[in-house]
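Going by this note's numbering, the sequence shown runs without a break in its numbering and finishes at 394.
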Amino acid sequence: MFEHLKPQAADKILMLMQTFREDPRPAKIDLGVGVYKDPTGLTPVMRAVKAAEKQIWETQNTKTYTGLAGDPAYADAMIDLVLGGAVARERIAAVATPGGTGAIRQALELIRLAAPQATVWLSNPTWPNHPSIIRYLGMRMAEYRYFDEATRGVDFAGLMSDLANVAAGDVVLLHGCCHNPTGANLTADQWSEVMALLKARGAVPLVDIAYQGFGDGLAADAEATRMIAAAAGECLIAASCSKNFGIYRERTGLLMAVTRDGSETALAQANLAFLNRQNYSFPPDHGARIVTTILTDPALRADWEAELDEVRATMLGLRRHLADELRRLTNSDRFDFIAHHRGMFSRIGASPEQVEQMRAEFGIYMVSDSRMNIAGLNADSVPILARAITSVGV
Ligand code: LMR
C-alpha cells in the first residue's frame, strides 16, 4: 500500500531548521523557527518551570489518566490567564490539547462537525500550518488582506473590505497578538471595528493566541482576545503555552469554545472530549501540570512573570537596536517598522532572492517570505544583519 502514498510538501519553516543545522559555517545566524533564544543562543528552561517540575516530581504519586479534557484545574488556570474574567466560566467549554497546533486542529474539527460548509477566512499572510491543516481537513478556505507591503504595517482598509464579504456562519481566524509572520498588529480601535463588522456579518471568530506576553505584556496581549470573547456571541480560542512558558516540546495548549449563553456549553464540552478521544485520547499532561503549578502558586507565578518580562524586554531591545542600526546605515526611517512590530517576528519585505542571498553570503537564515525571528538575534549579530539587509538592497 505504501507505494500509493504521494510525496508531501515539506513545511518551509521546519525545512529551514534542518538546512540551518546542516550549515557548517560557525558564524551562521538562525532567524528561522519561532523559538526564543537568550543572548548566548540558548533556549532556556524558565526558572519557574524548573521549580514546578521539581515540585511535581516530589509530590506526584500517580501517572494514571486524567480526563479526556485534561485536568480541569489546568483549563481554569489558562482560561483565567487568557480571558481574565471577560466571559462567565459557564459559557466556556475547554480541552487541553497537544500544543497550540493541537488546539487549532481541534477547533477546526469542531467547526467541521458543527458547520461543515463554513468557510474559514485566513489573513494573508498567516502561519503556513493554518491553510495546510484546513486543506488537509477538506474545509473551505478564503483569505483576507492583512499586510501592507509598502508600510510593513496592517492593510486595514483591505482587511475591512475583504471581511465585508464574510457570510453568516463563516469562521474568521485572527491572531490574538504578535501576528505571525508579519509582526504587524491591529490597534485597539481597529480590533473594535473588526469585531463590529464580524458581528454584523454573523461570523464566528477563531482566535489563535500563541505569543501572549511576547508583545506588550500578559494583559495587554490578551486585550483583543478578551474583547472578542466578550463581544462575540460565540467564538473559539486556541492558546499555546509553548512560547510564554518556553515548554515547546511538552506540547501544551488549550482550546476554548465560548458558547452563546451557557446552555450549549455541556454539548460543546462533550464534543471536544469526543474529538480528543478520536485523535489521541487523553491530552499530554506534563506541560499542563507545569503551567497549572506555576499559575496557582503566587511565588512561582511572580517569578515566571518576571522572567517573561525579561524575555519581552530583550526582544524589544533587539528591535530598537536593529531599527537604529538600519536608520544609521540607510540614513532613513524606512526600517522603523521593526521597532513598532510586536512579538517574535517581523516580515522585513525582502524578496525570496534577497533572502537567499543573505543565506548564501552572510549565513543568515530567515523564512523565504522574509519573516525573521527577532529573538534569534543578539547584540553582536544585529549589526551583521543590518549590513546584510542593506547590502542585498532591501
Ligand atoms: C513558527 O511559526 O516558527 C512556530 O510557530 C513554530 C512552528 O511550529 O512553525
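Even glycine gets a Cβ: it sits at the ideal position worked out from N, Cα and C.
Near ligand 1, meaning a Cβ closer than 5 Å to any of its heavy atoms, lie the following residues in chain order: I13, V33, G34.
Annotation for D162: the continuous alpha helix (DSSP H) segment containing it runs 156-163.
With contacts defined by Cβ atoms closer than 8 Å, T182 and R347 form a contacting pair.
Excluding the 5 residues flanking it on each side, E53 has same chain C-beta neighbours closer than 7 Å at I290, in chain order. Here the alpha carbon of L300 sits roughly 10 Å from the alpha carbon of T292.
In the DSSP assignment, E143 falls within the unbroken beta strand (DSSP E) covering 140-145. For F345, DSSP records a beta bridge to N373. Looking from the CA of N373, the closest CA among A77, S332, I13 belongs to I13. The straight-line gap separating the alpha-carbon atoms of N61 and L186 is approximately 46 Å. Pairing Y146 with P125 gives a Cβ-Cβ distance under 8 Å. Among the bridge pairs identified by DSSP, S240 is matched with G253. Residue nearest to A77 within the set I56, A51, G253 is G253 (criterion: CA-CA distance). R135 counts as exposed, since fewer than 16 other beta carbons sit within 10 angstroms of its beta carbon.
Boundaries of the beta strand (DSSP E) around P205: 204-209. Taking C-alpha positions only, F2 is separated from A257 by approximately 38 Å. Cα atoms of V367 and S351: separation of roughly 11 Å, rounded to the nearest angstrom.
Residues I92, A222, T225, R226, A229, I237, M256 of the same chain have their beta carbon placed closer than 8 Å to that of L83, with the five preceding and five following residues left out of the count.
N279 and A103 have their C-alpha atoms spaced approximately 12 Å apart.
Per DSSP, S192 is not a residue of any beta strand (DSSP E); the alpha helix (DSSP H) it occupies stretches across 188-201. Here DSSP, grouped into helix, strand and coil, assigns D71 to coil. Setting aside the 5 residues that flank it on each side, D71 is surrounded in the same chain by A96, D285, A288, R289, T292, each with a C-beta closer than 8 Å to its C-beta; the list follows chain order.
If the five residues before and after A323 are omitted, its C-beta is found closer than 6 Å to the C-beta atoms of F335, D336, I338, A339, all from its own chain and listed in chain order. In the assembly as shown, P7 is an exposed residue. Its beta-carbon has fewer than 16 other beta-carbons within 10 Å. Here K243 is buried. Its C-beta has 16 or more other C-beta atoms within 10 Å.
A residue is called buried when at least 16 other Cβ atoms come within 10 angstroms of its Cβ; Y65 does not meet this threshold and is exposed. Linking D369 to E353 through their CA atoms gives a straight-line distance of about 10 Å. When the five nearest sequence neighbours on each side are left out, the beta carbons in the same chain lying within less than 7 Å of the beta carbon of R112 are those of L137, M139, in order along the chain. If you check the CB distance, L295 and L81 come in under 8 Å. Only residues of its own chain outside the window of five on either side were considered, and among them T292 have a CB closer than 6 Å to the CB of A73, listed in chain order. Per DSSP, L267 is one residue of the alpha helix (DSSP H) stretching across 265-279.
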